[in-house]
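Those letters in the sequence shown? Residues 494 to 951, by my numbering.
Glycine included, C-beta positions come from ideal geometry on N, C-alpha and C.
Given the structure is predicted, the values throughout are model-derived calculations rather than measurements.
These notes concern the structure reproduced below.
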Amino acid sequence: MVNLKNVYNYWKQYGVRSLVGLVWEKLIIDPRRFRGGIERSIPDFTPQPFPDLFKSCDFKGRTLCYLIHYFYPTKKGGTERFTYNLAQANIMDGNRALVITLGNRPLAEYPFTIGDIFFRYYEYEGVPVIEIRHRHAPIGLYYKRIDDSDTAMAVFARHIIEYGHVDIVHATYPQPFASFLAVCAEKNVPYMVTLTDFAMLCHYSTMVDKRGNFCGGSQCGKRCEKICSTYGIRSFLKRYYTAARVLQSAYCITAPSKFVGNIFKNDFPGTQVKVIPHGIGGIFTSARKRSETKRFLYAGTLAPLKGVHLLVQAFCAVKGDITLDIYGDGNKDYIIELKRMADERVTFPGAVSGDNMPEVFNQADCVIISSVWYETYNFVAREALACGCIVVASRIGALPEAISEGENGFSFETGNIDDLQKALNRARQFDWSRYKTSIFPSREKEYLEYRRLYEQVY
Numbered sequence: 494m495v496n497l498k499n500v501y502n503y504w505k506q507y508g509v510r511s512l513v514g515l516v517w518e519k520l521i522i523d524p525r526r527f528r529g530g531i532e533r534s535i536p537d538f539t540p541q542p543f544p545d546l547f548k549s550c551d552f553k554g555r556t557l558c559y560l561i562h563y564f565y566p567t568k569k570g571g572t573e574r575f576t577y578n579l580a581q582a583n584i585m586d587g588n589r590a591l592v593i594t595l596g597n598r599p600l601a602e603y604p605f606t607i608g609d610i611f612f613r614y615y616e617y618e619g620v621p622v623i624e625i626r627h628r629h630a631p632i633g634l635y636y637k638r639i640d641d642s643d644t645a646m647a648v649f650a651r652h653i654i655e656y657g658h659v660d661i662v663h664a665t666y667p668q669p670f671a672s673f674l675a676v677c678a679e680k681n682v683p684y685m686v687t688l689t690d691f692a693m694l695c696h697y698s699t700m701v702d703k704r705g706n707f708c709g710g711s712q713c714g715k716r717c718e719k720i721c722s723t724y725g726i727r728s729f730l731k732r733y734y735t736a737a738r739v740l741q742s743a744y745c746i747t748a749p750s751k752f753v754g755n756i757f758k759n760d761f762p763g764t765q766v767k768v769i770p771h772g773i774g775g776i777f778t779s780a781r782k783r784s785e786t787k788r789f790l791y792a793g794t795l796a797p798l799k800g801v802h803l804l805v806q807a808f809c810a811v812k813g814d815i816t817l818d819i820y821g822d823g824n825k826d827y828i829i830e831l832k833r834m835a836d837e838r839v840t841f842p843g844a845v846s847g848d849n850m851p852e853v854f855n856q857a858d859c860v861i862i863s864s865v866w867y868e869t870y871n872f873v874a875r876e877a878l879a880c881g882c883i884v885v886a887s888r889i890g891a892l893p894e895a896i897s898e899g900e901n902g903f904s905f906e907t908g909n910i911d912d913l914q915k916a917l918n919r920a921r922q923f924d925w926s927r928y929k930t931s932i933f934p935s936r937e938k939e940y941l942e943y944r945r946l947y948e949q950v951y
């Protein structure tokens, strides 16, 4: 029998909506939950073992944690390659390494949780990886957002740092991990930052503004607010100063090129950036001597940002018995448009694995980099040069750092089809007896540079 006095008191304390909810639960839901005549299976509550992040029991080295937005096998870009090379080299050097990356799989595919962070563990060619996702991903997590007050990320970071006994954290893509790095500062775990693109000061990460102009800097977020305001960022000023805190608390900041270092030193006055060029794999060597330029090549993402449409237009205006092979994948509509613009001398072989790129480069004479944004390093240009090609590249970003004009390649005004056509003609007429061989640091040398930096705090 219902006690009306209790009902009245409940109504006075909690209100009508709460009272209706309580009645609904007691009279409708509970009888259904506990009804008879149905079979019920008892779940297995045996806890899943927490993944063994570091299998080595007797190691005497340091434990390093790498933070990156994407990683193998989901993405295979330059930053992913750089991070993998460092993690693998550290493991081979007797240390322990763990890569933490973001993911967007369905929640059911992540068997482990720490607070509101879901994660899965896997290994990629011997490198331990934890892929994480938020229960509800914050807007702009991958590029726009820089937030050092993300509670879910902070709880996860404390667990990983303590459980894994992490000695050093290296953020090779710091922007989504501001809260993780704030925990490092809180716990006196030294961390370093490598600036592999411009996401820390540009929410587009390309330094090309909403109007299509090349950006000269954020002006403490004021220029971003005025020209590039977008959803997902409430305050560009706050974004800028959060990025500044992340950089100021790092014990070391590195960049792959002088160009990237100068941009950040300009936007964040007083910031010290050490330039360490990415290492080039030993498989990239010249396998033949060239005497004329007939085979042109593009390799990379097929996207407007890479200026592939400009390349096709310029190449088709160059006369002669020459060919252009365009390797890579991209948006299907964009590729259809490229094929429509191309003549019979242009082919589209598709994507090719990194292991096969030395063979591809050695079949070519000239590789073109037609980007219309500030390239921060560009592996393709340097690997092609290491294989004995000449390179025609946009006069922008870090690309000019790799080219000795008229000796190993030619540059052209970014986005200018006529100037690109002239550069292709100069490449066509290049005197190969004047070719200057390019020397780039090896992956081993790059690792030794970073090892010296790790040893400063360990």
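What do you reckon, are the CB atoms on residue i and residue j nearer than 7 Å?
i    : j    : result
H663 : Y559 : yes
P667 : V682 : no
I623 : I593 : yes
G800 : S864 : yes
T907 : S887 : yes
T572 : T665 : yes
G772 : E602 : no
V659 : T556 : yes
R788 : T747 : no
Q806 : I910 : yes
Y733 : S711 : yes
L946 : C745 : yes
H562 : Y635 : yes
Have a look at residue i and residue j and give me their C-alpha separation to the nearest angstrom.
i    : j    : result
N706 : V648 : 40 Å
F752 : D760 : 13 Å
C550 : Y656 : Residue placement at C550 is flagged as unreliable, the pLDDT there being 47, under the threshold of 50; a coordinate-derived value is accordingly withheld.
K825 : A796 : 10 Å
I726 : K637 : 7 Å
E852 : K832 : 24 Å
R958 : F612 : Not covered by the structure: residue 958. The range shown for the chain is 494 to 951.
N499 : V513 : 14 Å
S642 : E679 : 12 Å
N502 : K519 : 17 Å
R738 : G821 : 38 Å
W517 : I535 : 27 Å
Would you identify the three-state DSSP class for residue i, choosing helix, strand or coil?
i    : result
A844 : coil
C550 : At C550 the pLDDT is 47, less than 50, meaning the model places this residue with poor confidence; the figure from the coordinates comes in the next sentence. Of the three classes helix, strand and coil, the one that applies to C550 here is coil, per DSSP.
V885 : strand
E898 : strand
G823 : strand
I653 : helix
A645 : helix
P621 : strand
I632 : coil
Y734 : helix
So which of the options has the shortest CA-CA distance to residue i?
i    : options                   : result
M693 : R651, G754 and G596       : G754
M850 : T778, A582 and T606       : T778
H629 : D822, T747 and G596       : G596
F691 : K680, Y867, H652 and L579 : Y867
L917 : I861, K703 and L515       : I861
L878 : K782, R732 and K703       : K782
G980 : E937, I561, E618 and I639 : Here the chain comprises residues numbered 494 to 951, so residue 980 is not present and cannot be evaluated.
Y470 : G847, F808 and T794       : Residue 470 cannot be examined here, being either before or after the span of the chain that is shown, 494 to 951.
V768 : F757, S926 and P762       : F757
P934 : V950, E876 and V676       : E876
I639 : I654, A675, E618 and T869 : A675
F841 : Q506, G823, K568 and R533 : G823
A835 : F854, H802 and D848       : H802
E618 : F564, R626 and L941       : F564
Under the assumption that residue i contacts residue j (Cβ atoms under 8 Å), give the Cβ distance between them as a whole number of angstroms.
i    : j    : result
A920 : C859 : 5 Å
G714 : L730 : 5 Å
G608 : G587 : Going by Cβ atoms, the distance from G608 to G587 rounds to 33 Å, so no, they are not a contact pair.
K929 : E900 : 4 Å
S750 : E894 : 6 Å
F903 : V885 : 5 Å
K915 : F923 : No, K915 and F923 are not in contact; Cβ-Cβ is about 13 Å, not under 8 Å.
A671 : T723 : Their Cβ separation, rounded to whole angstroms, is 18 Å, which puts A671 and T723 out of contact at 8 Å.
T786 : I883 : 7 Å
L790 : A857 : 4 Å
Kindly examine the ligand ZN and report whether one of its heavy atoms sits closer than 6 Å to the Cβ of residue i.
i    : result
K787 : Among the components modelled here there is no ligand, and therefore nothing to report on the ligand ZN.
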